[in-house]
Every structure is written in structure tokens, then in C-alpha cells.
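Residues -11 to 414, numbered by the numbering used here, are exactly what the sequence shown covers, in order.
To start, the structure itself, in C-alpha cells.
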Amino acid sequence: MSSPKDFRIAIIGGGMCGIACAVSLSLRGIHADVYEAASEFGQVGAGVGLGLNAIKALDGLGILEPVMEKADSKKPTLRSFVFVSGYGQHQVIYDYVKHSGQFGLGVYRPTFLDALLPFLNPDRLHLNKKCTHVEPLGSGAYRLSFEDDTTLEADLVIGADGIRSSIRSCITAKDSSSSLVFSNTVAYRSLIPVDTLLKAGLKTKVDVMPVCWMGTNKHLITFPMQGTRMLNVVLFSSDYSKPMRSELKGAWVETVPKSEILAQYEDMGNDVKTIVNHVNSAGKWYIHQVNPPLSSYVSGRVVLVGDSAHGMQPHLGAGVGQGFEDVYVLCRLLSHPGTRLSNLGIVLGIYDQVRPRRSNMVLEASARAGRIYDGFGKPSQGPEWAASMLTGIWEPIWHHDLKAEVDAALEKLEDNPAFGFAKSRL
């Protein structure tokens, strides 16, 4: 249990990272208020896969056990993708689990939030609170303005409001070259009953393993949900002929007819065609990312975590895991017995020394992974090329030594004379 703190914390965003941060701080005796723009928590739901690094971060935060209990999971059982050719007979190209024997954890976003919200005081959870502006005050505090014309003050602002973050502008004001861009990749998402596909002659065992079907300028992923009853299908299509461009205005998601999808995948193998033929309608998602990566996640006493800091493409399934790593490092620093209002700038500076380098590496690796999945089938880029490019692709992400990172951060903090905390007091 940490000592009480003399600063007020506002967490903007009540998604997975924001709530994980609030709960972990609460478990350490530090209370924060959470401000969520939506009318309820978990309004947008989807399944996410957590790698070994994310699982370790949740464990360090003290919240892994309730999440696994709510997910009705005794241990991580989510296997990594099997990569197959999207063409011909769908030759197996690479199987990460076969080489590593390691598994991740699958969790539904609303289930994750349901597991953690009971740990928080309801009076500190604020819905329908879309933050529109953060203004530094002469006192060192910040005035936060909301869409409903209310305002409040906080000493520390944690931006956890996702890829379309309003808090990010506090950071990018220092670096106008970094912004949110459309990646020139779209994703079509749909759910199909597994039995329907099996009856239609699907041969690949999509009900027992996630599959990535590689192609040229496109690929698709499938993974079972609700036991093995439903198949989650995500079809990606990319245009690499032009550079990424500014954030698209308006909605990032729209419903499109089946015909738009059929035309793009008609040259692929029978199993892919079977899947696509059973997509009745799909949501079309315009995939965005932060580009170039932010050189800093901190400005004054405003700090970013998760997609607010490093919104990335989804091709390694690593975005939320990086958010949990951010939260773990930040919570450990904030809960240090010596952390107080007068040295918050030093504490956040240490966070900023360690997190951007790590998360930005994963951001860039995720974009590179998409190019690998979409590079299959080009001249000289067949199965051997793909296998060589995929080998070890998750190693630097899943096997990062988060404990060593935190230990080094805490040592830097305590070695700073301005922090004003003697190690002998620990």
C-alpha cells in the first residue's frame, strides 16, 4: 500500500487501459477520477488477444486474477495464429505455437471491464464526459473542459482516451509533425456460424485455431469465438501505392454490401472464397495509426497511455498489451513512497525516458507485420520467404523483461537528487 498522495488525478477515458490504471492505483491506496465520453462503460465490445507481456503486466498491476475469473479461464489457452497461403490448397507456412509452445489469453472487452469496475468507488466514475480542452493554470494544475460545459481541475492528467484522443494534442503541440493518419488499410469485420462454413465444405480447421490467410495486398484472419460456435472474420485490404495520409473526417466505420468484399478476394483459394461467400454484410473499418510515432508521451503533468500515445495497426495484436505495459510502469512510479506533487515532473520524465522507445518499436513492427502478411504471392515472396519473415516476429514483444524495465526506472528515479527520496527509507 502506497502512502496517500497530495495530488488530484484525472484519467480521461474509461476503456481497458483507463480502468486498469484506476484500479491498480486504487489497490495501492491512490484514488483517481475516471471521465468517460460514452454513456456506459464497455459500450464498444470486441475480443482481444493478450500476449505473454500483457499477461505479466496485468499480473504486476494486481488485476490478472479477477480478469481471468470473469473470463472463466484458469490459464492462458489462446494459441497464436497459424499462417497459411490464401491461395491454392492453403499450404501451412508458419505455426508460432509449434515452435514456442506458448499461449496467450483471450478476453472480451466488456468482460474485462465487468471484472474491474467493482473495485472502484462509483462516485469516482463519470460517464457522458467528453473532454474537449486541457488548459494549464498558473498554479501548475490543469483545468479540464467537457462537452457538457462543465469544468474541473486536476494536478495530473492521464490521457487514456484511445486512438482518437483529445488529450494527445497537449503533447503534439510540441511536435506538430506527429499526427493521426489513415494507414491506407481497411478491415471488413463479420461473424459467421462455424457450422454453416463446415456444411459448405470448409476444410481448414478454423474452429480450433486462429488462422491468418496471407495474400497480395490483402489478407484475412479468422478465429473462433463463443467456444467454437462463431467465427470472427476480419478481411484486410491495403493500398501501398501511396503514402499514408491525414486522418479521415467523419465516421471510421461503415456497413458495406457483400459485393464490395467479393470483388477483392475472388482470386484466392476455395476456403477463402467459402468464408467470403458467407459474409452477408460487414462493417468496414478505416485503420488509423499515430505517424510518425510521438517522441514524447508527456507534457508538464499530462501523460499518455495506450492508444492515446501509440495507436497502431492491429497486425501483431499488441496494442492493448503496450497500453498495459504503459500503465504498469506509470502506476509503479506514481505509487513510489517518495512521489508527491512537487516532484511529479521528475516522475513523469522517467516514464517518458522508457516507454516511447519500447512502444514505438512495437508500433512500427505492427505496420511491418501487415506488409509481410500482404506481401505473400509476389515474385520471390513465396512460402520460404514468408516463413523466414515470420520466424520470431513476436519474440521482442512477448518476451520483453518488463520487471527489469520498471526496476531500472525506479533506480533512475531514486538516483535523481531532485526527487528527494533516500533509498534507506524504503
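Positions of the beta carbon are idealized from the N, C-alpha and C atoms, including for glycine.
Cβ separation of residue i and residue j, assumed to be a contact under 8 Å, to the nearest whole Å
{"i": "Asp143", "j": "Ala129", "result": "5 Å"}
{"i": "Gln301", "j": "Ile275", "result": "6 Å"}
{"i": "Val22", "j": "Leu113", "result": "5 Å"}
{"i": "Val267", "j": "Arg217", "result": "Not a contact, Cβ separation roughly 17 Å."}
{"i": "Gln79", "j": "Val85", "result": "Between Val85 and Gln79 the Cβ distance is about 18 Å, and since that is not below 8 Å, they are no contact."}
{"i": "Lys261", "j": "Val241", "result": "Not confirmed; about 25 Å, so no contact."}
{"i": "Val11", "j": "Ile43", "result": "The pair is not a contact, with the Cβ atoms about 16 Å apart (cut-off 8 Å)."}
{"i": "Asp136", "j": "Asn172", "result": "So it is not a contact: roughly 36 Å between Cβ atoms."}
{"i": "Thr210", "j": "Val196", "result": "11 Å between Cβ atoms; not a contact."}
{"i": "Ala306", "j": "Gly17", "result": "Not quite, the Cβ-Cβ distance comes to about 31 Å (not below 8 Å), so this is no contact."}
Within 8 Å, strictly: CB atoms of residue i and residue j
{"i": "Pro344", "j": "Leu282", "result": "yes"}
{"i": "Tyr96", "j": "Ala375", "result": "no"}
{"i": "Thr192", "j": "Asp362", "result": "no"}
{"i": "Gly370", "j": "Gln77", "result": "no"}
{"i": "Leu322", "j": "Arg289", "result": "no"}
{"i": "Ala20", "j": "Ile(-1)", "result": "yes"}
{"i": "Asp295", "j": "Gly150", "result": "yes"}
{"i": "Gly94", "j": "Leu66", "result": "yes"}
{"i": "Val174", "j": "Ser225", "result": "yes"}
{"i": "Ser347", "j": "Ala397", "result": "no"}
{"i": "Asp102", "j": "Lys58", "result": "yes"}
{"i": "Gly299", "j": "Val315", "result": "no"}
Under the three-state DSSP convention, the category residue i falls into
{"i": "His78", "result": "coil"}
{"i": "Asn279", "result": "strand"}
{"i": "Ser412", "result": "Legend: pLDDT at Ser412 = 44, less than 50; position of this residue unreliable, value from coordinates given subsequently. In this structure, Ser412 counts as helix in the three-state DSSP scheme."}
{"i": "Leu93", "result": "strand"}
{"i": "His266", "result": "coil"}
{"i": "Leu418", "result": "Here the chain comprises residues numbered -11 to 414, so residue 418 is not present and cannot be evaluated."}
{"i": "Pro367", "result": "coil"}
{"i": "Val85", "result": "helix"}
{"i": "Leu105", "result": "helix"}
{"i": "Leu168", "result": "strand"}
{"i": "Ser284", "result": "coil"}
{"i": "Pro344", "result": "helix"}
{"i": "Tyr228", "result": "coil"}
{"i": "Pro64", "result": "coil"}
{"i": "His114", "result": "strand"}
{"i": "Thr192", "result": "coil"}
{"i": "Pro302", "result": "coil"}
{"i": "Leu322", "result": "helix"}
{"i": "Pro(-8)", "result": "coil"}
When the options are compared against residue i, the one with the closest alpha-carbon
{"i": "Thr184", "options": "Asn116, Ser247 and Val264", "result": "Val264"}
{"i": "Arg156", "options": "Thr99, Leu292, Ser330 and Arg328", "result": "Leu292"}
{"i": "Ser27", "options": "Gly1, Tyr228, Gly37 and Leu46", "result": "Gly1"}
{"i": "Tyr75", "options": "Lys44, Lys206, Leu186 and Trp240", "result": "Lys206"}
{"i": "Cys119", "options": "Ser133, Pro110 and Asn109", "result": "Ser133"}
{"i": "Val36", "options": "Leu401, Glu24, Ile(-1) and Gly92", "result": "Gly92"}
{"i": "Ile180", "options": "Ile159, Asp149 and Val222", "result": "Val222"}
{"i": "Ala392", "options": "Cys158, Val260, Val317 and Phe29", "result": "Val317"}
{"i": "Glu476", "options": "Glu248, Arg67 and Phe107", "result": "Residue 476 lies beyond the range of the chain shown here (-11 to 414); nothing can be said about it."}
{"i": "His387", "options": "Lys117, Val286, Leu219 and Asn41", "result": "Asn41"}
{"i": "Val308", "options": "Cys9, Gly238 and Ser269", "result": "Cys9"}
{"i": "Ile338", "options": "Ala251, Glu235 and Glu402", "result": "Glu402"}
{"i": "Ser127", "options": "Asp136, Asp137, Glu141 and Leu115", "result": "Glu141"}
{"i": "Val342", "options": "Glu313, Gly326 and Gly333", "result": "Glu313"}
{"i": "Thr99", "options": "Thr379, Val11 and Met4", "result": "Met4"}
{"i": "Thr138", "options": "Gly299, Gly6, Tyr253 and Leu115", "result": "Leu115"}
{"i": "Ser229", "options": "Arg359, Gly189 and Asp136", "result": "Arg359"}
{"i": "Ala239", "options": "Asn279, Phe170 and Ser287", "result": "Phe170"}
{"i": "Thr243", "options": "Ile249, Ala270, Asp227 and Ala251", "result": "Ala270"}
{"i": "Pro280", "options": "Ala355, Arg(-4), Trp373 and Trp201", "result": "Ala355"}
{"i": "Leu378", "options": "Pro325, Leu190, His303 and Val196", "result": "His303"}
{"i": "Gly380", "options": "Leu104, His324, Ala353 and Phe(-5)", "result": "Ala353"}
{"i": "Arg177", "options": "Leu208, Tyr253 and Arg233", "result": "Leu208"}
{"i": "Ile159", "options": "Ser153, Met213, Tyr285 and Asp111", "result": "Tyr285"}
{"i": "Lys117", "options": "Ala251, Phe29, Ser368 and Leu332", "result": "Phe29"}
{"i": "Phe69", "options": "Val55, Gln90 and Asp60", "result": "Gln90"}
Beta-bridge pairing of residue i - partner residues as DSSP gives them
{"i": "Val222", "result": "Arg177 and Ile209"}
{"i": "Phe134", "result": "Cys119"}
{"i": "Met202", "result": "Ser73 and His207"}
{"i": "Glu24", "result": "Answer is none; Glu24 lacks a bridge partner."}
{"i": "Ala8", "result": "Bridge partners of Ala8: none, in fact."}
{"i": "Glu242", "result": "Lys272"}
{"i": "Val290", "result": "Val145 and Ser287"}
{"i": "Gly39", "result": "DSSP, once it has assigned bridges, lists no residue as partnering Gly39."}
{"i": "Ser330", "result": "According to DSSP, which records beta bridges pairwise, Ser330 is partnered with nothing at all."}
{"i": "Ile0", "result": "Tyr23 and Gly147"}
{"i": "Ser234", "result": "Val169"}
{"i": "Pro54", "result": "According to DSSP, Pro54 bridges with nothing at all."}
{"i": "Leu140", "result": "Leu132"}
{"i": "Pro124", "result": "Tyr130"}
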